[in-house]
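Novice: The listed protein sequences correspond, in order, to chains B and R.
Under this note's numbering, the first residue of the first sequence is numbered 1, with each subsequent residue one higher.
Under this note's numbering, the first residue of the second sequence is numbered 294, with each subsequent residue one higher.
Just so you know, even glycine gets a beta-carbon here, dropped at the ideal spot from N, CA and C.
Below is one structure. I have some questions about it.
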Amino acid sequence: MESGRGSSRRTGIIVVAVVLALVAGGFGAWFAFLRPTGVQRADVERLDKQRGIVDSSMNLYDPLLEEFTARYTNVVAEEEDEQAKEQVLNRESDLIKRESAANTGRLDAMAASPVTQEAEIAEAFRRFKDQYGAVIAYNDQRLINTANITRSVGGPCAPLHKDLNVSGGNYAQEYVTTADSCLLALAGAKDKADADAVQLLGGIEEVIKGQRAKQQEVLDATDDLARLAKRTTAGVALLEINEALNKVRTTYEEAVKASSTKLVDDANASNAELERLLKARLATFDAAGQEGK
Amino acid sequence: MTIEDPASTTAPTRSRRRPVILVTSIVLAVLVIAIGALVAVNHIAGQQKTESLAALKEQRLNALGDARGKVQPAANAYLAAYKKARNAPASRDQAVQDSQKEKDEFQQATGNARSALQELKSVNGSSESAVGVAVQQLVESHEDYFDYMEGLVESYPQFEGLFRDDDAAGCNGLFVGSKAATLRERQTLLAQAAAPCRKAAADLKDSKNNAYVEFARTFDNNVADLEEHAEVTAKGEENYAGFVRLKDDLVKRADEAEARNAPEAEVQKIADDAKAVNAQIRTNRSEFDFAAKRYLAGVKEMPSTVENVFATEIAADIKHFDAVIPAREQILKDTIDVELTNK
């Protein structure tokens with residue numbers, strides 16, 4: 001009697017345990033079903049959408065950099081307070097730095113997709129990532145170039161052609177003094193600037209140095225007649241300064257346009273190629289779906 | 294080693310094994326229930342997230358777009374109402390009162406837009422996720438836009454009043470050319486007008502709207518330049534009287550020297566003095582011309598500096614927002630789509 005009740009209870013417990021184990025196994029199987037291995041159609045769709053997002057995100061750089069230039073140019077030209085200049089510089093450049101961080105994050109998120117591991121996609125994605133990474137880096141560099149050019153050319157160099165009285169008695173002295181601080185600012189502006197911007201700054205430097213030398217000659221002249229002669233030569237040279245500066249600027253703008261056009265073209269090409277491959281990959285799922293039916 | 298008695302061991306073994314089985318089954322049951330609960334919670338949370346993302350995309354973004362779209366017309370209505378009241382004519386205080394309805398409506402519009410933005414912000418807390426980043430960027434662009442429009446409205450009476458006759462700023466007092474008989478008088482009148490005018494410009498520098506701020510910086514500098522040029526020209530005019538005296542004196546000395554047939558050295562001295570005076574006159578003349586030219590140019594440019602604030606600067610800023618905000622919206626929608634794919 002006692003032993004019989006014990007054994008039936010034990011049987012009951014075992015049955016319960018087995019049922020529970022089966023239920024647990026069922027959950028396990030369900031899990032396995034929920035997380036199928038291998039690339040899914042949704043993965044490809046996601047990657048394609050992420051691709052589109054990265055591509056359209058690039059369009060924001062132009063308005064953001066224009067905004068940066070406008071804000072910073074005004075404060076550099078019109079505000080004496082260094083703190084105010086720093087504040088505008090920090091706020092506006094921070095905006096673009098965070099833009100780039102977000103875009104880099106989007107590229108990294110794409111890299112995490114299993115689709116990018118597939119042989120036929122991997123190479124196209126690598127190119128896409130490189131090209132768009134280059135566009136991001138280029139815009140980060142544009143920010144530095146613009147800030148450096150604005151700070152120097154729009155700052156200590158601005159009075160040279162704006163505020164000095166050419167026919168004034170101490171024009172030569174004022175020019176030399178102003179040119180010295182301008183040249184100092186131009187030299188500093190080369191720091192972290194790229195080759196194109198360094199060339200621009202160097203070109204302006206040459207022009208200003210030439211003018212400064214002529215004005216120094218006026219100062220160094222010992223007698224009135226010589227001074228008058230030097231002053232006339234310097235005055236004539238001054239007439240050519242705008243042309244010289246314009247030439248430097250045009251060269252720079254052309255170089256910038258050429259390099260940015262190439263970058264954008266390369267990026268667009270890598271984008272089109274990746275898009276083509278992803279669409280083709282999606283088509284393989286559609287074909288498999290048709291066969292299944 | 295003990296020798297066990299088979300009869301006596303069966304019962305204790307069974308009673309010892311029974312709790313083991315019991316404990317095992319309880320542990321197993323708890324585990325199964327926990328897994329089940331986890332899966333359910335996970336599933337529900339996933340579904341909730343999907344739903345909230347879908348709601349974010351479909352409803353909240355649209356609600357924000359609608360609310361945002363009402364801000365600019367409300368700002369325009371306020372600017373027009375204020376200006377109309379001021380032209381009536383009415384004092385600044387009176388015009389502020391007369392345009393109160395439009396101001397309230399504008400504040401209502403920005404209030405609604407800001408709370409629509411808050412709604413959207415509350416959906417996605419994490420700034421780590423792709424959606425979080427896109428929301429953050431969208432939120433910042435909107436906040437900049439709302440600040441800008443609020444600044445545009447709030448500082449408008451200050452800006453609009455700068456050149457009005459009855460305004461404390463009194464910047465139209467800067468146009469003193471015809472009122473002054475001498476350049477010194479012009480300088481004095483200008484300095485009197487410049488003080489409150491530059492004070493008003495300095496106040497405008499604190500605006501939330503950067504178009505006003507940048508205008509105020511430029512304008513303040515322009516007025517400072519005017520003051521400087523006015524001083525140089527006034528001084529030049531005064532110096533000129535001195536030069537006339539010097540010249541008369543020299544002429545007298547020369548005549549006298551000639552009359553008494555003075556020695557060569559004295560005549561030379563007079564000639565040198567005359568040369569020095571001439572040089573001074575030339576310098577004075579050059580500085581005067583430069584300052585006078587700059588002064589006139591400064592006065593002439595002033596109206597267009599003011600006009601450009603609305604015609605060029607604000608138009609460009611609004612164009613900027615019109616380019617950035619829809620792009621951010623689209624990126625957020627696409628980012629949500631990425632999250633919703635495969636769910």
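Cα-Cα, which of R/Thr511, R/Val426, R/Ala584 and R/Asn601 is closest to R/His522?
Specialist: R/Ala584
Novice: Taking the CB atoms as reference points, tell me whether B/Ser100 and B/Ile149 lie closer together than 8 Å.
Specialist: no
Novice: Kindly give me the distance between the Cβ atoms of R/Val469 and R/Arg479, rounded to whole angstroms, as I take these residues to be in contact under 8 Å.
Specialist: 5 Å
Novice: Rounding to the nearest angstrom, what Cα-Cα distance links B/Ser93 and R/Thr403 in this structure?
Specialist: 27 Å
Novice: For chain B, find out if any of its Cβ atoms is closer than 8 Å to the Cβ of R/Phe536; answer yes or no.
Specialist: Not flagged as an interface residue toward chain B: R/Phe536, since no C-beta distance is shorter than 8 Å.
Novice: Can you look up R/Pro243 in the DSSP assignment and give me helix, strand or coil?
Specialist: Absent from the structure is residue 243 of chain R, since the part of chain R shown begins at 294 and ends at 636.
Novice: Would the beta-carbon of R/Glu557 fall within 8 Å of that of R/Ala550?
Specialist: Cβ distance not < 8 Å, so R/Glu557 and R/Ala550 don't count as in contact.
Novice: Any beta carbon from chain B within less than 8 Å of R/Glu580's own beta carbon?
Specialist: yes
Novice: Can you give me the Cβ contacts of R/Lys501 inside the same chain, cut-off strictly under 8 Å, excluding the 5 residues immediately before and after it?
Specialist: Asp440, Tyr441, Glu443, Gly444, Glu447 and Ser448
Novice: For the alpha helix (DSSP H) that R/Pro489 lies in, which residues bound it at each end?
Specialist: Leu476 to Leu497
Novice: Return the first residue and the last residue of the alpha helix (DSSP H) that R/Ala378 is part of.
Specialist: Val364 to Asn380
Novice: Using CA coordinates, which residue listed in B/Ile121, B/Ala111 and B/Lys49 is at the minimum distance from B/Ala280?
Specialist: When each option's Cα is compared against that of B/Ala280, the closest is B/Ile121.
Novice: Relative to the C-alpha of R/Val506, which candidate in B/Gly52, B/Val23, B/Tyr72 and B/Cys157 has its C-alpha closest?
Specialist: Scanning B/Gly52, B/Val23, B/Tyr72 and B/Cys157 for the CA closest to the CA of R/Val506 turns up B/Tyr72.
Novice: How far does the alpha helix (DSSP H) with B/Gly210 in it extend, from its first residue to its last?
Specialist: Ala195 to Asp220
Novice: Once you ignore the five residues that flank B/Arg212 on each side, which residues in its own chain have a CB closer than 8 Å to its CB?
Specialist: Tyr175, Val176, Ala179, Asp180 and Leu183
Novice: Leaving out five residues on either side along the sequence, give the residues of the same chain with a beta carbon under 7 Å from the beta carbon of B/Thr11.
Specialist: none
Novice: Can you pull the chain R residues whose beta carbon is under 7 Å from the beta carbon of B/Pro63, in chain order?
Specialist: His613, Ala616 and Val617
Novice: Taking a contact to mean a Cβ-Cβ separation below 8 Å, would you say R/Ala360 touches R/Phe399 in this structure?
Specialist: no
Novice: Using the Cα positions of R/Thr475 and B/Tyr138, report the straight-line distance between them to the nearest angstrom.
Specialist: 58 Å
Novice: Along chain R, in chain order, which residues have C-beta atoms closer than 9 Å to that of B/Lys49?
Specialist: Asp627, Thr628, Asp630, Val631 and Thr634
Novice: What are the residues in the stretch 150-170 of chain B lying within 7 Å of chain R by C-beta distance?
Specialist: Asn165, Ser167, Gly168 and Gly169
Novice: B/Arg151 lies in the alpha helix (DSSP H); which residues open and close that run?
Specialist: Ala119 to Val153
Novice: Would you say B/Asn90 reaches chain R, if we count a Cβ-Cβ gap shorter than 8 Å as a contact?
Specialist: B/Asn90 has a beta carbon lying at 8 Å or more from every beta carbon in chain R.
Novice: What residues from the stretch 190-205 of chain B come within 7 Å of chain R, judged by C-beta to C-beta, listed N to C?
Specialist: none
Novice: At what residue ranges does the stretch 383-407 of chain R contain a whole run of the alpha helix (DSSP H), taking only runs of 4 or more?
Specialist: Whole alpha helix (DSSP H) segments, 4+ residues: 385-391.
Novice: For the alpha helix (DSSP H) containing R/Glu443, name the first residue and the last one.
Specialist: Ala423 to Glu447
Novice: At least one CB of chain R closer than 8 Å to the CB of B/Glu275: is that the case?
Specialist: It does not; no Cβ of chain R falls within 8 Å.
Novice: Step through the CB atoms of chain B and report whether any lies within less than 8 Å of the CB of R/Arg361.
Specialist: no
Novice: Give me, in chain order, the residues of the same chain whose beta-carbon lies closer than 7 Å to that of R/Leu483; leave out the 5 immediate sequence neighbours on both sides.
Specialist: So the qualifying residues of the chain are Leu467, Val469, Leu519, Glu520 and Ala523.
Novice: Pair every Cβ in the stretch 96-114 of chain B with every Cβ in the stretch 49-58 of chain B, then say whether three or more of these pairs are closer than 8 Å.
Specialist: yes
Novice: Measure from the C-beta of R/Gly529 to each C-beta in chain B and report whether the shortest distance is under 8 Å.
Specialist: Answer no: the Cβ-Cβ gap between R/Gly529 and chain B never drops below 8 Å.
Novice: Figure out for me which residue from R/His435, R/Asn503, R/Ala569 and R/Gly463 has the closest Cα to the Cα of R/Ala485.
Specialist: The identity of residue 485 of chain R in the sequence shown is Gln, whereas the question assumes Ala. Ranking R/His435, R/Asn503, R/Ala569 and R/Gly463 by Cα distance to R/Gln485 puts R/Gly463 first.
Novice: For chain B, find out if any of its Cβ atoms is closer than 8 Å to the Cβ of R/Phe439; answer yes or no.
Specialist: no
Novice: Tell me which residues share the same chain as R/Val570 and place their Cβ nearer than 8 Å to its Cβ, disregarding the 5 neighbours each side in the sequence.
Specialist: Same-chain partners within the cutoff: Phe536, Leu539, Lys540 and Leu543.
Novice: Assign R/Glu351 to one of two classes, buried (16 or more other C-beta atoms within 10 Å of its C-beta) or exposed (fewer than that).
Specialist: exposed
Novice: Just how far apart, CA to CA, sit B/Gln298 and B/Ala189?
Specialist: Any property of residue 298 of chain B remains undetermined from this structure, which presents chain B solely from 1 to 293.
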